[in-house]
Amino acid sequence: MVLFLDFDGVLHPDGVYMTPEGPQLLSSGYLFMWAPILEKELAPFPKIKIVLSTSWVRRLDFSRAKKRLPLGLQTRVIGSTWHSSMSKTWADQVWWDQTSRHGQILRYIARANISEWFAIDDDAEGWACTNRDRLLLTNPNEGLITPGLLEELRIKLK
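This is the structure:
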């Protein structure tokens, strides 16, 4: 099973801006404040792998984005929906910018031949009805502590 994981609005409140000093959270709290919750929930399920489905990979690069996660989540990361080779061609950059998160995930699962997957994200725009049951939608300000979300996650993990 693969979890496609967004950062902003999931592991901390949305409203993160990239600055010369690095990512800055503009609301109360701190970056990755809810990541330990996900780490704890996934602990009994060692076969769950993570694919980063976040703009952080494009802005920071894969390794630096991955290193922002707690070690228990880092070790599960097997890839990301954005790859640095995409920045080499204008067509890939345009495609990425104009495609929904769902479309980016579908491209990844087609290339990697993945059949068992779900996503945690705060953006449902562009999600096809046929895959809507695979999306655990968070409130952008509450992330993983969105009421009912952890119960939905536990159901997905069974």
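Sequential numbering from 0 applies to the sequence shown in numbering that gives the first Met the number 0. Using N, Cα and C, we set each Cβ at its ideal position, and we do this for glycine too.
(request) Mind reading off the beta-carbon distance from residue 52 to residue 104? Whole number of angstroms is fine, and I expect it under 8 Å. (result) On the sequence shown, residue 52 is found 53 positions in, with the first residue counted as 1. On the sequence shown, residue 104 is found 105 positions in, with the first residue counted as 1. The pair is a contact, with the Cβ atoms about 6 Å apart (cut-off 8 Å).
(message) If I measure Cβ to Cβ from residue 13 and keep anything under 7 Å in the same chain, skipping five residues before and after, which residues do I get?
(response) Position 14 of the sequence shown, counting from 1, holds the residue named residue 13. Closer than 7 Å at Cβ, skipping near neighbours: 7, 121, 139 and 140.
(message) Bridge partners for residue 0 per DSSP, in chain order?
(response) Translated into positions along the sequence shown, residue 0 becomes position 1. The partner list for residue 0 (beta bridge, DSSP) is empty, contrary to what the question assumes.
(message) Just to confirm the assignment: which complete beta strand (DSSP E) runs, minimum length 3, are found wholly within the stretch 29-71?
(response) 48-51
(request) Measure from the alpha carbon of residue 72 to the alpha carbon of each residue in 108, 98 and 41, then state which is nearest. (result) For the purposes of this step, residue 72 is identified with residue 73 of the sequence shown, where counting begins at 1. Of 108, 98 and 41, the residue nearest in Cα terms is 41.
(message) Restricting to Cα atoms, I'd like to know which of 26, 153, 48 and 34 is closest to residue 108.
(response) Taking the first residue of the sequence shown as position 1, residue 108 is located at position 109. Minimum Cα distance to residue 108 is reached at 48.
(request) Using a threshold of 8 Å, state whether the C-beta atoms of residue 11 and residue 25 are closer than that. (result) The residue given as residue 11 occupies position 12 in the sequence shown. The residue given as residue 25 occupies position 26 in the sequence shown. No; because the gap between Cβ atoms is not below 8 Å, this pair is not in contact.
(request) Would you give the residue range spanned by the beta strand (DSSP E) that residue 158 belongs to? (result) Because the chain in this structure spans residues 0 to 157, residue 158 falls outside the shown range and cannot be described.
(message) Whole angstroms are fine: how far does the CA of residue 0 sit from the CA of residue 157?
(response) Along the sequence shown, read from residue 1 onward, the residue named residue 157 stands at position 158. Along the sequence shown, read from residue 1 onward, the residue named residue 0 stands at position 1. Straight-line Cα distance between these residues: approximately 11 Å.
(message) Would residue 125 and residue 153 be called neighbours here (beta carbons separated by less than 8 Å)?
(response) Sequence index remark: in the sequence shown, residue 125 carries index 126 (1-based). Sequence index remark: in the sequence shown, residue 153 carries index 154 (1-based). For residue 125 and residue 153, no; Cβs fall outside 8 Å.
(request) Could you tell me whether the Cβ atoms of residue 133 and residue 118 are closer together than 8 Å? (result) The count along the sequence shown starts at 1 and reaches residue 133 at position 134. The count along the sequence shown starts at 1 and reaches residue 118 at position 119. Yes; because the gap between Cβ atoms is below 8 Å, this pair is in contact.
(request) Please report the residue range of the alpha helix (DSSP H) in which residue 105 lies. (result) Here residue 105 corresponds to residue number 106 of the sequence shown, with the count starting at 1. Looking at the DSSP string, the run of the alpha helix (DSSP H) that includes residue 105 is 100-111.
(message) Would residue 50 and residue 80 qualify as a contact pair, given that the criterion is a beta-carbon distance under 8 Å?
(response) To locate residue 50, count along the sequence shown from 1; it is residue 51. To locate residue 80, count along the sequence shown from 1; it is residue 81. Yes, the Cβ-Cβ distance between residue 50 and residue 80 is below 8 Å.
(request) Hey, could you find the ends of the alpha helix (DSSP H) residue 154 is sitting in? (result) Reading the sequence shown from its first residue, position 155 is the one you call residue 154. Residues 148-156.
(request) List the whole-angstrom C-beta distance separating residue 142 from residue 9, where the pair is believed to meet the contact cut-off of C-beta under 8 Å. (result) Counted from its first residue, the sequence shown places residue 142 at position 143. Counted from its first residue, the sequence shown places residue 9 at position 10. Contact flag correct, Cβ pair sits at about 5 Å.
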